[in-house]
Amino acid sequence: MNREELINALKPIIAPYTINEEAFGKLSEETDFIHDLQINSANLVDIVLDIEEQFDIVIENADMERMLNVRAAIDIIETKLNEK
1 MNREELINAL KPIIAPYTIN EEAFGKLSEE TDFIHDLQIN SANLVDIVLD IEEQFDIVIE
61 NADMERMLNV RAAIDIIETK LNEK
């Protein structure tokens, strides 16, 4: 799965928690979950759990703490998928 495919796979996971629809429409690797999409930290945990389920991976707390933007999420997902 390339990075663009991963972004497309993340969109339906992120969408229900997004407050800023305009920023969501411009979703890219640079998008910050909290500042750009206005997702609160509790919902960020929900997103991590949804990502784990969608990709059948386990995300450790250290990775979860740095998953604040789309680029970090993709990097972590790619790493976990490559470890399988």
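Residue numbers (UniProt numbering): 1 to 84.
Quick reminder that beta carbons are idealized off the backbone N, C-alpha and C, glycines included.
Note the first and the last residue of the continuous alpha helix (DSSP H) segment covering Ala72.
-> As a first step, residue 72 must be located in the sequence shown, where it is residue number 72. Note, Ala72: alpha helix (DSSP H), 70-83.
Out of Asp75, Pro12, Tyr17, point me to the one whose CA is closest to Gln38's CA.
-> Taking the first residue of the sequence shown as position 1, residue 38 is located at position 38. Of Asp75, Pro12, Tyr17, the residue nearest in Cα terms is Tyr17.
Buried versus exposed call for Asp36 [16 or more other C-beta atoms within 10 Å across all chains shown] = Your numbering for residue 36 matches position 36 in the sequence shown. Asp36 should be labelled buried.
Can you check DSSP and say which residues form a bridge with Asp32?
-> Looking up residue 32 in the sequence shown gives position 32. BP columns for Asp32 point to Asn69.
With DSSP collapsed to three states, give me the class of Asn2.
-> Residue mapping note: residue 2 aligns to position 2 of the sequence shown, counting from 1. Residue state, collapsed to three classes: coil.
Rounded to a whole number of angstroms, what is the C-alpha to C-alpha distance between Ala73 and Glu30?
-> What you label residue 73 is simply residue 73 of the sequence shown in a count that begins at 1. What you label residue 30 is simply residue 30 of the sequence shown in a count that begins at 1. C-alpha separation (whole angstroms): 11 Å.
Residue range of the alpha helix (DSSP H) that includes Gln54 = If you number the sequence shown from 1, residue 54 lands on position 54. First-last of the alpha helix (DSSP H) with Gln54: 41-55.
Taking the Cβ atom as the reference point for each residue, do Phe24 and Leu68 lie within a distance shorter than 9 Å?
-> In the sequence shown, residue 24 corresponds to position 24, counting from 1. In the sequence shown, residue 68 corresponds to position 68, counting from 1. Contact flag unset, no.
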